[in-house]
Amino acid sequence: MSTPTADPAPATAAPPPRRRMTPKQIAVWGAVSLIGAVSWAVIALIRGEEISAAWLVFAAVASYAIAYRFYARFIAYRVLRVDDTRATPAERLDNGVDYHPTDRRVLFGHHFAAIAGAGPLVGPVLAAQMGYLPGTLWIIVGVIFAGAVQDMVVLFFSMRRGGRSLGQMAREEIGPVGGAAALVAVLAIMIILLAVLALVVVNALKGSPWGTFSIAMTIPIALFMGFYLRYLRPGRVVETSAIGVALLLLAIVGGGWVAESALADTFTLSGEALVIALVVYGFVASVLPVWMLLAPRDYLSAFMKVGVVVLLAAAILLAWPTVRTEAFTDFAFNGQGPVFAGSLFPFVFIIIACGALSGFHSLISSGTTPKMIMKESQIRVIGYGGMLTESFVAIMALVAACIIDPGLYFAMNMPGPALGPTLESASAAVTNLGFTITPDQLAAAARSVEEATLVGRSGGAPTLAVGMSEILSDIFGGDAFKAFWYHFAIMFEALFILTTVDAGTRVGRFMLQDTVGNVWKKAGDVSWKPGVYAASAIVVAAWGYFLWVGVRDPLGGINQLFPLFGIANQLLAAIALTVCTTLLIKSGRAKWAWVTIVPLTWDVVVTLTASWQKVFSDDPKVGFFAQREQFQAALDAGKTSLGTAKTPDEMRQVVLNTTVDGVLAAFFAVLVIIVLVDAARVWIKALRAGGTLPTHEDPYVKSTTWAPSGLVATAEERQIMKERAHEEAGAPS
Amino acid sequence: MTAPPRPLGQAAGQVRARLAERLRTAWLLLREFSGERAYEIYLEHHHRHHPGEPVMSEREFWRHHIDSRDRNPRATCC
Chain A
1 MSTPTADPAP
11 ATAAPPPRRR
21 MTPKQIAVWG
31 AVSLIGAVSW
41 AVIALIRGEE
51 ISAAWLVFAA
61 VASYAIAYRF
71 YARFIAYRVL
81 RVDDTRATPA
91 ERLDNGVDYH
101 PTDRRVLFGH
111 HFAAIAGAGP
121 LVGPVLAAQM
131 GYLPGTLWII
141 VGVIFAGAVQ
151 DMVVLFFSMR
161 RGGRSLGQMA
171 REEIGPVGGA
181 AALVAVLAIM
191 IILLAVLALV
201 VVNALKGSPW
211 GTFSIAMTIP
221 IALFMGFYLR
231 YLRPGRVVET
241 SAIGVALLLL
251 AIVGGGWVAE
261 SALADTFTLS
271 GEALVIALVV
281 YGFVASVLPV
291 WMLLAPRDYL
301 SAFMKVGVVV
311 LLAAAILLAW
321 PTVRTEAFTD
331 FAFNGQGPVF
341 AGSLFPFVFI
351 IIACGALSGF
361 HSLISSGTTP
371 KMIMKESQIR
381 VIGYGGMLTE
391 SFVAIMALVA
401 ACIIDPGLYF
411 AMNMPGPALG
421 PTLESASAAV
431 TNLGFTITPD
441 QLAAAARSVE
451 EATLVGRSGG
461 APTLAVGMSE
471 ILSDIFGGDA
481 FKAFWYHFAI
491 MFEALFILTT
501 VDAGTRVGRF
511 MLQDTVGNVW
521 KKAGDVSWKP
531 GVYAASAIVV
541 AAWGYFLWVG
551 VRDPLGGINQ
561 LFPLFGIANQ
571 LLAAIALTVC
581 TTLLIKSGRA
591 KWAWVTIVPL
601 TWDVVVTLTA
611 SWQKVFSDDP
621 KVGFFAQREQ
631 FQAALDAGKT
641 SLGTAKTPDE
651 MRQVVLNTTV
661 DGVLAAFFAV
671 LVIIVLVDAA
681 RVWIKALRAG
691 GTLPTHEDPY
701 VKSTTWAPSG
711 LVATAEERQI
721 MKERAHEEAG
731 APS
Chain B
1 MTAPPRPLGQ
11 AAGQVRARLA
21 ERLRTAWLLL
31 REFSGERAYE
41 IYLEHHHRHH
51 PGEPVMSERE
61 FWRHHIDSRD
71 RNPRATCC
């Protein structure tokens with residue numbers, strides 16, 4: 001651990017490159033601004049007629065370009081004062097393993113693959129119940145001023161501290177209380193995250209032999225790849241991944257055959273059976289050696305992730321689908337939406353976390369990525385640019401959800417118990433909401449993707465899969481390929497999620513062992529098998545509990561759990577932004593601290609309002625405790641059913657669930673307040689001390705290397721590269 | 001048209017050479033992204049910082065490389 005040192009004199013920092021824009025640049029950026037302005041005008045102002053999804057994509061891309069060019073540059077050079085003459089941890093501590101200067105393009109890929117998973121695909125789909133505009137606005141504005149800023153600033157400060165984790169930085173720069181609260185928050189969030197993601201998979205796979213077979217096959221495929229890499233061809237990662245992807249596609253096709261064969265019943269599982277399978281899988285996968293399952297899964301999902309994102313972007317740009325949702329539905333204002341309860345503010349900002357602002361990213365931006373970055377100025381493309389890319393994925397998910405028939409959207413996403421057992425009852429439930437879809441249309445939609453039914457398939461993944469299959473089959477293969485693309489989309493989401501479940505359980509296990517190891521040394525030994533098994537079992541049991549409860553929830557699980565996950569994720573963002581603000585103030589940059597204070601304030605207002613409503617709201621649809629009282633009162637009055645809870649047992653279940661959820665929401669809010677108050681103490685201390693306090697920044701070491709800043713080298717940078725190559729060739733060392 | 005016309009074959013050759021160079025770079029980046037260059041990186045690092053010391057064989061290295069993740073789990077996000 002380093003001792004506190006004062007910030008080095010700013011004189012060592014390179015002056016921000018300030019050049020006048022050439023007329024050509026002015027023309028280009030003028031055109032980009034114009035495209036952005038027109039697109040925003042179209043999506044914000046046109047009412048009563050359907051617009052093309054292209055406008056959403058244009059508005060997003062133009063806004064990202066302007067933000068990256070101007071705002072990210074301002075933050076990097078004026079606020080953070082990145083200094084390319086300063087050696088990064090990768091250069092100073094290079095050990096060829098975790099500290100290693102990595103090509104910025106490769107690191108961009110790694111960072112993106114680490115931050116983006118199923119999150120940006122699920123949140124926007126659920127938020128589409130309020131119409132396309134709330135989600136679009138928050139995803140684009142949120143990423144520019146909050147999410148990408150958080151990712152880049154955390155990356156910067158961790159890079160200046162040898163790649164320290166967020167928890168360590170909170171402890172060192174705020175204090176032990178803030179640090180402990182941050183650690184507890186991380187562990188709690190991990191558990192909720194794993195439960196919610198696993199619930200998405202269960203909802204996508206229950207009663208679907210095709211999906212279940214394909215996903216089940218990923219396990220033998222990963223095992224095969226693991227053995228192949230270990231014993232047959234060590235180190236041939238690309239070759240192994242190519243074989244894996246081919247087998248994966250075969251598994252999707254094979255799922256179609258299985259669904260029509262005698263094996264179909266074997267792979268038709270109930271929600272409960274899938275939960276048991278997932279819990280067993282999660283436990284086994286987290287104690288098996290990494291080479292068998294986790295490493296090959298990682299290879300597969302990294303390739304699939306990048307491949308699918310590119311495929312979907314290309315398909316949207318080629319197909320120009322039409323948005324069929326309204327800009328705002330009534331649910332945006334009355335808070336009575338069936339997918340999740342609560343009105344636009346604050347719940348859109350809770351439901352869409354990944355893609356706009358995701359606290360989880362701060363764990364990737366501190367830790368792995370900062371140890372591999374070559375040049376300080378590259379934080380702009382990796383931190384800010386990586387998050388913009390994730391945001392773009394979220395926009396595409398939103399598009400996929402908004403191009404499907406709103407009637408079908410609600411039939412898929414309403415809680416199962418509210419939809420009833422038949423297509424007729426589902427159709428009636430949707431009509432009650434003010435949308436229309438006939439039982440025949442529901443049957444036809446299920447038939448087109450070769451599923452028994454699409455009704456009540458909440459969780460986001462199936463909706464996205466339907467949207468993707470419409471877009472992709474429009475370009476590749478036509479209607480005959482709809483079922484293939486649907487299951488392709490399900491497969492790739494489930495693949496990410498299972499990888500996250502596996503890796504997350506492992507991380508949770510390590511954190512638990514580390515914590516317990518402080519009081520009982522033996523438990524902290526990660527090679528002591530009983531300790532490993534016990535810690536894994538505890539972590540799996542924790543998320544397994546929420547998963548089990550979510551699947552059996554009489555009120556529908558995802559609509560109860562997802563807001564909790566969003567609150568937890570945004571809470572972590574509040575902690576990350578608080579750490580950033582603290583560091584900006586302590587290092588004498590209080591006048592620039594608004595860069596993180598603005599998103600922090602917004603995030604805290606949103607999170608605390610949402611927690612407040614979840615805890616104290618009188619509306620039983622929104623407030624957990626109000627809901628608890630409603631069911632408890634009904635039980636006390638001797639009623640045997642209430643709403644979608646049809647038996648006293650189910651009612652007691654609701655009472656228990658709402659208690660747990662309510663306590664958790666309150667607990668999360670208290671954690672944020674603790675961190676904030678503790679940090680505010682440090683801010684005041686720093687400002688009173690004349691604007692600076694010592695921080696734990698590593699001392700300046702001069703860099704001896706050079707590398708371009710952006711993804712693509714500029715003409716000037718190429719010239720420097722040529723000269724340097726020439727020098728090296730002329731004077732070999 | 002003031003520039004002297006170049007022989008067509010030479011220009012095409014240059015384009016081909018540049019294209020081959022681009023493809024080589026892309027392949028290298030893909031291999032590095034996938035993690036396949038880990039052994040090469042280890043060798044480069046070893047030669048630069050610990051010249052003369054014995055190096056792990058390829059098989060030995062990969063075992064060590066993947067098993068090290070058993071002790072250092074990496075979180076992926078949502």
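Protein sequences appear in the order of chains A and B. Using UniProt numbering, the letters of the first sequence map in sequence onto residues 1 to 733. Using UniProt numbering, the letters of the second sequence map in sequence onto residues 1 to 78. For every residue, glycine included, the Cβ atom is placed at its ideal position computed from N, Cα and C. This one's a predicted model, so the numbers in the text were calculated from it and none came from an experiment.
Can you find a CB in chain B that lies within less than 8 Å of the CB of H696 of chain A? no
Closest by CA to F565 of chain A, which one among A:G123, A:R628 and A:T266? A:G123
How big is the Cα-Cα spacing for R724 of chain A and F213 of chain A? 55 Å
DSSP three-state label for L642 of chain A, please. strand
Check whether G359 of chain A and L197 of chain A have beta carbons under 8 Å apart: no
DSSP bridge partner residues for K702 of chain A (one or two, in chain order): A:R86
Say the cut is 7 Å; is the CB of R24 of chain B nearer than that to a heavy atom of the ligand GTP? This structure lacks the ligand GTP; in fact it carries no ligand of any kind.
Can you pull the chain E neighbours of E53 of chain B, defined as C-beta to C-beta under 9 Å? Protein chains A and B are contained in the structure displayed, whereas chain E is not.
With 8 Å as the threshold, decide whether the Cβ of residue 84 of chain B is near any Cβ in chain A. What is shown of chain B runs 1 to 78, which leaves residue 84 of chain B out entirely.
As a quick exercise: from A:T607, A:F224, A:L318 and A:I189, pick the residue whose alpha carbon is nearest that of V57 of chain A. A:L318
Candidates A:Y132, A:T695 and A:L495: which alpha carbon is nearest C580 of chain A's? A:T695
Is there a Cβ of chain A sitting closer than 8 Å to that of E21 of chain B, yes or no? no
Sort A:V507, A:V622 and A:P708 by Cα distance to R69 of chain B and report the nearest one. A:V507
On a CA-only basis, which of A:Q378, A:T329, A:L398 and A:A315 is nearest I352 of chain A? Give me that one, please. A:L398
From the DSSP output, in three-state form, read off S52 of chain A for me. strand
So, is A17 of chain B buried or exposed, given that buried needs 16 or more other C-beta atoms within 10 angstroms? exposed
Give the straight-line distance between the Cα atoms of E728 of chain A and A707 of chain A, rounded to the nearest whole angstrom. 15 Å
Tell me which same chain residues have a C-beta within less than 6 Å of the C-beta of G271 of chain A, skipping the five on either side of it? V202, K206 and V551
Chain B contacts from the segment 389-414 of chain A (Cβ-Cβ distance under 8 Å): none
Tell me T22 of chain A's beta-bridge partners as DSSP assigns them. Beta-bridge pairing links T22 of chain A to no other residue.
Cα-Cα separation, V549 of chain A to D661 of chain A: 11 Å
In chain B, what lies closer than 7 Å to H111 of chain A by C-beta? By Cβ distance, chain B contributes nothing, its closest Cβ being about 10 Å from H111 of chain A, past 7 Å.
Enumerate in chain order the residues of its own chain whose CB-to-CB distance from V79 of chain A is below 6 Å, with the five nearest sequence positions on each side excluded. W592 and V595
Taking the alpha-carbon positions, what's the R457 of chain A to M412 of chain A distance? 5 Å
Out of A:W40, A:A185 and A:V258, which one is the CA nearest neighbour of A327 of chain A? A:W40
By Cβ distance below 8 Å, which residues in the same chain neighbour P620 of chain A in space, the five residues on each side in sequence not counted? A626, Q627, E629 and Q630
So, for A574 of chain A: in the same chain, excluding its five sequence neighbours on each side, which residues have a beta-carbon less than 8 Å away from its beta-carbon? G359, L600, D603, V604, T607, V672, V675 and L676
One or two residues paired with S473 of chain A in a DSSP bridge: S473 of chain A pairs with nothing; no bridge assigned.
Would you call the CB atoms of residue 749 of chain A and A195 of chain A closer than 8 Å? A query on residue 749 of chain A cannot be resolved here, the shown segment of chain A reaching from 1 to 733 and no further.
Integer-rounded CB distance, given that V32 of chain A should sit under 8 Å from K62 of chain A: It should be pointed out that residue 62 of chain A corresponds to Ala in this sequence rather than to Lys. About 5 Å separates the two Cβ atoms, so the contact holds.
Beta carbon of residue 735 of chain A, beta carbon of Y384 of chain A: below 8 Å? Absent from the model: residue 735 of chain A. The displayed extent of chain A is 1 to 733, so no value can be given.
Do you know whose CA, among A:W683, A:L583, A:P563 and A:V598, lies nearest T658 of chain A's CA? A:P563
In the DSSP assignment, find the alpha helix (DSSP H) that holds R233 of chain A and state where it starts and stops. First-last for R233 of chain A: undefined, no H or E at that position.
Beta carbon of residue 767 of chain A nearer than 8 Å to that of M292 of chain A: Shown here, chain A extends from 1 to 733; a query on residue 767 of chain A therefore has no answer.
Residue span of the alpha helix (DSSP H) that contains P220 of chain A, given as start and end: P209 to F227
For the candidate residues A:A251, A:L249, A:V154 and A:G226, whose alpha-carbon lies nearest to that of T240 of chain A? A:G226
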